[in-house]
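Just so you know, we're using the working numbering here: the sequence shown kicks off at 1183 and counts up by one.
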Amino acid sequence: MAGWFELSKSSDGQFRFVLKAGNGETILTSELYKAKGSAENGVASVQANCGSDERYECKTSSAGKEFFNLKAANSQVIGTSQMYPSAAARDAGIASVKENGGTKTIKDNT
């Protein structure tokens, strides 16, 4: 089963998207946006940038967990992964974003 994007609205009226893998697991989460159109633009940016290795920034949290950011061509962060226990698990998360990020399926939960 292919992955999909979900658009949602927070309790304070802001918007975000998440990218879900085919198994339903969240693999990328956006920042909060004031406008729904901005969140939709973020989805388009993931679709355009997810296939490029140079767009992924691998990081380690202060707690020692591995994670990554997906960045646009202008170096702005489009989305952030969950925390992973190892670099290998993080790398598998990147592979999942590459595999699922091009999906055109968007579930609008706003």
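By construction, the Cβ of each residue, glycine as well, lies at the ideal position given by its N, Cα and C atoms.
Within the stretch 1258-1283, the runs of beta strand (DSSP E) that reach at least 3 residues and sit entirely inside it are, in chain order, 1259-1262. The beta carbons of Lys1247 and Tyr1266 sit about 6 Å from each other, so the pair counts as a contact at 8 Å.
Minimum Cα-Cα distance from Tyr1215 among the listed residues Gln1196, Gln1264, Ala1269 and Ala1255 corresponds to Gln1196. Gly1275 counts as buried, since at least 16 other C-beta atoms from the protein chains shown sit within 10 angstroms of its C-beta. Note on Gly1219: under 16 other CB atoms within 10 angstroms of its CB, so exposed under the neighbour-count rule.
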